[in-house]
Amino acid sequence: MLEGENNMDKKIIIAPSILSADFGRLAEEIKAVELAGADWVHVDVMDGIFVPNITIGPGVIKSVKKVSDMFFDVHLMIDRPERYIDEFASAGSDMITFHIEACASPEDVIKKIRQAEKKVGISVKPGTEISLVEKLLDKVDMVLVMTVEPGFGGQSFMRGMLDKVRYLKENFDGYIQVDGGVNKDTAREIIKAGGNVLVAGTAIFGQKDYSGAIKEIRG
Ligand code: DX5
Ligand code: ZN
Numbered sequence: 137m138l139e140g141e142n143n144m145d146k147k148i149i150i151a152p153s154i155l156s157a158d159f160g161r162l163a164e165e166i167k168a169v170e171l172a173g174a175d176w177v178h179v180d181v182m183d184g185i186f187v188p189n190i191t192i193g194p195g196v197i198k199s200v201k202k203v204s205d206m207f208f209d210v211h212l213m214i215d216r217p218e219r220y221i222d223e224f225a226s227a228g229s230d231m232i233t234f235h236i237e238a239c240a241s242p243e244d245v246i247k248k249i250r251q252a253e254k255k256v257g258i259s260v261k262p263g264t265e266i267s268l269v270e271k272l273l274d275k276v277d278m279v280l281v282m283t284v285e286p287g288f289g290g291q292s293f294m295r296g297m298l299d300k301v302r303y304l305k306e307n308f309d310g311y312i313q314v315d316g317g318v319n320k321d322t323a324r325e326i327i328k329a330g331g332n333v334l335v336a337g338t339a340i341f342g343q344k345d346y347s348g349a350i351k352e353i354r355g
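Quick look at the structure:
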């Protein structure tokens, strides 16, 4: 197979991370990226324990879900995610992604998300070997490769993580999501390595022209 051929038939999905949006105008910001051509909206949920930052919970998702028809891609950076799957599912998440490092039994978390009839994503922090998700690949819809330490927007892309993306391109048929430091330049490397869902916070919400920013990332 030719280099990059895998990506030809798969649409690249752009998922703006609302972590960098104006939280005081969150509904408007989500509507704006939807009109600007975003495919999914990426919601970063942080609990101050799994990561050193706190963001939003199911109540906010429930409210903003009403203004948008977009696919809600919810990234849980919370300890023991099994405790909150039902709440995030009924709030309107379409995909729930949890961290393998945050739970004792990833299989049980996957089961809970499936029971709630939502798509399942599993995520690895930069220090986590991708081989740890190997036995779960046939049970999830997406693997999220973190390319910064989770917790904050605006950090630099960790290029070394692209090896994980290449591994997934060879061994996994689902969505390969990359999150952290994605911009119009790093996007080219990510897509070439096999990433097909690109999360971007600063590179979209930090610009005046959301539509132009999304187009530039899509390439
Ligand atoms: C970090 C979050 C990211 C973050 C990315 O923990 O998971 O989604 O918003 O922000 P940028 O695109 O600014 O690196
Ligand atoms: Zn995220």
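Reminder that position 80 of the sequence shown reads as 216 in our numbering, one-by-one numbering, no gaps. We put the CB at the ideal spot given by N, CA and C, even for glycine. Keep in mind the model is a prediction, meaning the values are calculated, not measured.
Integer-rounded CB distance, given that residue j should sit under 8 Å from residue i
i, j, result
"aspartate 209", "methionine 231", "5 Å"
"glycine 203", "alanine 174", "Residue identity differs from the one stated: residue 203 is valine in this sequence, not glycine. At roughly 14 Å, the Cβ-Cβ gap does not stay under 8 Å, so valine 203 and alanine 174 are not in contact."
"isoleucine 353", "alanine 329", "Not a contact, Cβ separation roughly 15 Å."
"isoleucine 197", "phenylalanine 234", "About 15 Å; that fails the 8 Å criterion."
"valine 260", "isoleucine 236", "6 Å"
"isoleucine 327", "alanine 172", "Not a contact, Cβ separation roughly 19 Å."
"glutamine 291", "glycine 316", "6 Å"
Pair within 8 Å by beta-carbon distance, residue i and residue j
i, j, result
"isoleucine 266", "valine 256", "no"
"valine 318", "phenylalanine 293", "yes"
"leucine 96", "isoleucine 246", "Nothing about residue 96 can be reported from this structure: the residues present for the chain run from 137 to 355 only."
"tyrosine 311", "methionine 282", "no"
"valine 284", "valine 301", "no"
"glycine 289", "glycine 337", "yes"
"alanine 151", "tryptophan 176", "yes"
"proline 217", "cysteine 239", "yes"
"phenylalanine 186", "isoleucine 214", "yes"
Residue i - partner residues in DSSP beta bridges
i, result
"tyrosine 311", "Met278"
"methionine 213", "Met182"
"phenylalanine 208", "Val177"
"alanine 336", "Pro152"
In chain order, which continuous runs of the beta strand (DSSP E) of length 3 or greater are located wholly inside the stretch 226–256? Complete beta strand (DSSP E) runs here, min 3: 231–235.
Mind listing which residues have their beta carbon within less than 6 Å of any non-hydrogen atom of ligand 2? Chain order is fine. What you get when you keep residues with a C-beta closer than 6 Å to any heavy atom of ligand 2 is Ser153, His178, Asp180, His211, Asp315 and Val335.
Those runs of the alpha helix (DSSP H) which lie wholly inside the stretch 147–174 and span at least 4 residues: Annotation: the stretch 147–174 contains the following complete segments of the alpha helix (DSSP H) (minimum length 4 residues), in chain order: 162–171.
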